Amino acid sequence: KPYMVSISGKNIADNLQMLQKISSTIESGSVNIAAVELNLACPNIVGKPTIGYDFEQMEDVMKQVASLPCFSGSKPLFPLGVKMPPYFDRPHFEMAAAILNKYKHIVSYAASINTIGNALAIDYHAEMPVIRAKGGFAGLSGPAVKYTALANVKQMRELLDNSIDVVGAGGVQTGCDAFEMILCGATAVQVGTCHWTEGPGCFDRICDELKAIMKDKGYGNVEDFRGKLKEWSKEGVALSRQMKMKSKKSDTSGDVQLKTSNNNSSLIIAILFAIIAVLLADKLNIASF
Numbered sequence: 175k176p177y178m179v180s181i182s183g184k185n186i187a188d189n190l191q192m193l194q195k196i197s198s199t200i201e202s203g204s205v206n207i208a209a210v211e212l213n214l215a216c217p218n219i220v221g222k223p224t225i226g227y228d229f230e231q232m233e234d235v236m237k238q239v240a241s242l243p244c245f246s247g248s249k250p251l252f253p254l255g256v257k258m259p260p261y262f263d264r265p266h267f268e269m270a271a272a273i274l275n276k277y278k279h280i281v282s283y284a285a286s287i288n289t290i291g292n293a294l295a296i297d298y299h300a301e302m303p304v305i306r307a308k309g310g311f312a313g314l315s316g317p318a319v320k321y322t323a324l325a326n327v328k329q330m331r332e333l334l335d336n337s338i339d340v341v342g343a344g345g346v347q348t349g350c351d352a353f354e355m356i357l358c359g360a361t362a363v364q365v366g367t368c369h370w371t372e373g374p375g376c377f378d379r380i381c382d383e384l385k386a387i388m389k390d391k392g393y394g395n396v397e398d399f400r401g402k403l404k405e406w407s408k409e410g411v412a413l414s415r416q417m418k419m420k421s422k423k424s425d426t427s428g429d430v431q432l433k434t435s436n437n438n439s440s441l442i443i444a445i446l447f448a449i450i451a452v453l454l455a456d457k458l459n460i461a462s463f
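Sequential numbering from 175 applies to the sequence shown in the numbering used here.
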């Protein structure tokens with residue numbers, strides 16, 4: 175069974191040490207490690223911003239990682255991915271992508287996005303934060319971040335070198351969510367919150383839903399639509415409206431059929447009760463006048 179190992183040390187020294195230990199493990203052949211993901215989206219140094227937001231620090235981290243023996247040869251010992259924080263301004267996308275492109279010889283993919291930082295959930299019954307750590311402030315994940323994730327996937331795919339894949343992460347719960355990520359250019363998707371709430375069965379369900387969408391749209395392969403998000407158009411709006419009305423009519427038809435079925439069932443039950451009543455009356459010699 176192959177493993178994809180995600181690491182996020184307290185400082186750059188921790189990350190370098192973990193990468194060296196992983197290299198030794200791979201070389202020993204004791205564990206099948208398919209790839210390693212370095213998290214650049216968590217604060218690692220006290221008093222400094224998240225690495226992915228501090229571009230000078232990000233450049234330094236990537237430089238030190240690239241100097242490790244496992245990446246110094248013509249081919250890296252293992253594929254390296256980087257987990258990226260969410261960006262909101264175009265210049266930040268450009269600066270982050272420029273650094274990753276500089277180290278494209280060691281970076282296999284960029285996973286966008288990590289959680290949106292500094293969210294606060296309140297337990298209104300107890301009038302306190304839902305979680306204890308850091309005064310209740312934590313990263314926001316799940317469906318609420320999907321649209322930010324889609325925007326990050328789309329823009330990172332536009333800016334990164336073609337040799338660097340983009341992995342979509344953030345709010346993927348359904349086959350439709352996965353389809354939208356791929357449409358924005360994702361090579362693969364990550365599922366976190368949904369796995370936490372639903373369990374591992376979500377993976378097969380999402381894949382089955384994605385296959386159904388592809389079949390309905392006439393796509394035989396994900397490459398048929400990967401990265402092919404269309405520009406907004408009046409024709410597209412008209413098509414969307416038409417498909418929604420068609421879906422609504424289908425749902426209404428289903429409701430009518432269900433109602434008819436229920437009515438028929440009620441009629442059959444009433445007839446059965448009448449037959450039972452007649453049989454009981456006959457058996458007990460009850461006369462009806």
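Where is the CB? At the ideal position from N, CA and C, for every residue including glycine. None of the values given here were measured: they were computed from a predicted structure.
Among the options, which has the Cα closest to the Cα of residue i?
| i | options | result |
| --- | --- | --- |
| Gly255 | Gly345, Leu212, Lys276, Gly410 | Leu212 |
| Asp378 | Trp370, Gly291, Thr348 | Thr348 |
| Arg264 | Ser407, Gln191, Ala325, Gly316 | Ala325 |
| Gly342 | Asn185, Asn336, Asp335, Val327 | Val327 |
| Glu233 | Ile186, Pro176, Asn395 | Ile186 |
| Asn292 | Cys376, Ile305, Phe353 | Ile305 |
| Lys237 | Lys222, Asn189, Ser197, Leu446 | Asn189 |
| His464 | Glu230, Ala300, Lys249, Leu242 | Past the edges of the chain, shown from 175 to 463, lies residue 464, and the structure says nothing about it. |
| Asp351 | Pro374, Asp382, Gly373 | Asp382 |
| Pro176 | Ile196, Gly394, Val205, Ser198 | Val205 |
| Ile181 | Pro223, Gly221, Val239, Lys222 | Val239 |
| Lys391 | Ala300, Met417, Ile450 | Met417 |
Can you tell me whether residue i is helix, strand or coil according to DSSP?
| i | result |
| --- | --- |
| Ile443 | helix |
| Leu334 | coil |
| Pro176 | coil |
| Val119 | Nothing in the structure corresponds to residue 119, since the chain is present only between 175 and 463. |
| Ser462 | For Ser462, the pLDDT reaches just 47, beneath the cut-off of 50, and the residue's location in the model is therefore unreliable, although a value from the coordinates is still provided. Correct three-state label for Ser462: coil. |
Less than 7 Å between the C-beta atoms of residue i and residue j, yes or no?
| i | j | result |
| --- | --- | --- |
| Gly359 | Lys320 | no |
| Gly226 | Ala215 | yes |
| Ile280 | Phe245 | yes |
| Met330 | Ser286 | yes |
| Leu333 | Phe399 | no |
| Ser337 | Lys278 | yes |
| Tyr261 | Asp339 | no |
| Thr361 | Gly316 | no |
| Asp335 | Asn275 | yes |
| Ile164 | Phe353 | Absent from the structure is residue 164, since the part of the chain shown begins at 175 and ends at 463. |
| Gly313 | Leu294 | no |
With a cut-off of 8 Å on the beta carbons, I'd call residue i and residue j a contact; round off their distance for me.
| i | j | result |
| --- | --- | --- |
| Ile273 | Thr322 | That pair is no contact at about 21 Å. |
| Ile296 | Leu251 | Not a contact, Cβ separation roughly 46 Å. |
| Asn288 | Met269 | Between Met269 and Asn288 the Cβ distance is about 17 Å, and since that is not below 8 Å, they are no contact. |
| Met192 | Gly183 | 6 Å |
| Val365 | Cys376 | 6 Å |
I want to see whether chain C comes within less than 7 Å of residue i, judged by CB atoms only; does it?
| i | result |
| --- | --- |
| Lys222 | This model lacks chain C altogether; it includes just one protein chain. |
Pick out the complete alpha helix (DSSP H) segments inside the stretch 198-256, 4 residues or longer, and give them in chain order.
229-240, 243-246
For the stretch 270-349, which segments carrying the beta strand (DSSP E) assignment without a break, of at least 3 residues, lie completely within its bounds, in sequence order?
281-286, 290-294, 311-314, 339-343
Curious, which full-length alpha helix (DSSP H) runs of at least 4 residues does the stretch 357-403 contain?
367-372, 375-391
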